Every structure is written in C-alpha cells, then in structure tokens.
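J.: Everything in the first sequence is counted per our numbering, starting at 1 for the first residue and increasing by one.
Ideal placement from N, C-alpha and C gives every residue a C-beta, glycine not left out.
Bear in mind the structure is a predicted one, so any value in this text is a computation, not a measurement.
The structure follows.
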Amino acid sequence: MLKKFEVQCLELLGQIPKGKVTTYREIAKALDSQAYRAVGRAMARNRDLVVVPCHRVVCSNGKVGGYANGIDQKIKLLEREGIPISREKVVDLKSVLYRF
DNA sequence: TCTTTACTCAAGG
DNA sequence: CCTTGAGTAAAGA
C-alpha cells in the first residue's frame, strides 16, 4: 500500500514556484485532511531535502517551523529567494504564500 | 494500541 | 511578542 499522505506531501512541495512558500495547513487541506502534524512528520523523516524544496514550507502563523539541515539554513534559503524573514518568521506570508 | 511529531487555534499576559 | 492548553491525523514499534 502506498503511503499516499507522505508521497502527496512531497509532490505538492515540488510544484511550489521559486519565491513562494506554503504552509502545512494548506498542504493538509490540499490532501483533504487536517493532519497538519502528519504532513510535517512526513518530511521530517528526511525522505527529500534534495528531492523536494521542503525549505519552502512554513507554519500558517508565519513561523519557519523546522528544517533537517538547520533552521538557519532554511531561513537563508528563503531570504535568498526573496522572502524576508524576521525572528524566524516570514514577514509577509500572504505575499509569498502559494495555494494549490 | 500507544507514542511521537518540522502543526494549528484560541486565550491570557 | 511569548506561553499554555487542547485538538488533530498519520507513521512506526
């Protein structure tokens, strides 16, 4: 049986354009679920990191959340793509939030 | 079945 | 801005 949830989470991340981010909430909704935690858990397992831009996923409240490579790395990557971060939080999430 | 989890929402300080 | 408490669904043992 394919673990749809994990797989679909990664697939969704793959379609996020550069300079944009998404929230665990949006992903869960896109999968017709409310498992925000399950979404994050799926990526935390290091199945991607180089396969999928998991650094483009943040919390719905704008917080960066976490990153297997280090939160600082994640922030750096986001800022490099044109997403300003302040105190580990996205300054203008709605401006960079990509919805499916 | 139980535990852990890169979460979310709401309320209070 | 930060903390606490409650709720939630999926993977792993």
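For the alpha helix (DSSP H) containing Tyr36, list its first residue and its last residue.
T.: 36 to 44
J.: Hey, out of Cys9, Asn69, Arg80, whose CA is closest to Lys29's CA?
T.: Cys9
J.: Who pairs with Val21 in a beta bridge, going by DSSP?
T.: Leu97
J.: By the 10 Å Cβ neighbour count, where 16 or more other Cβ atoms means buried, how is Gly62 classified, buried or exposed?
T.: Buried is the call here.
J.: Would you list the residues sitting across from Val90 in a DSSP beta bridge?
T.: Ile85
J.: Can you tell me whether DSSP reads Val7 as helix, strand or coil?
T.: helix
J.: Report buried or exposed for Leu49, applying the criterion of at least 16 other Cβ atoms within 10 angstroms of its Cβ.
T.: That one is exposed.
J.: Measure the alpha-carbon distance for Gly66 versus Lys4 and round it to whole angstroms.
T.: 23 Å
J.: Whole angstroms are fine: how far does the CA of Glu81 sit from the CA of Ile27?
T.: 21 Å
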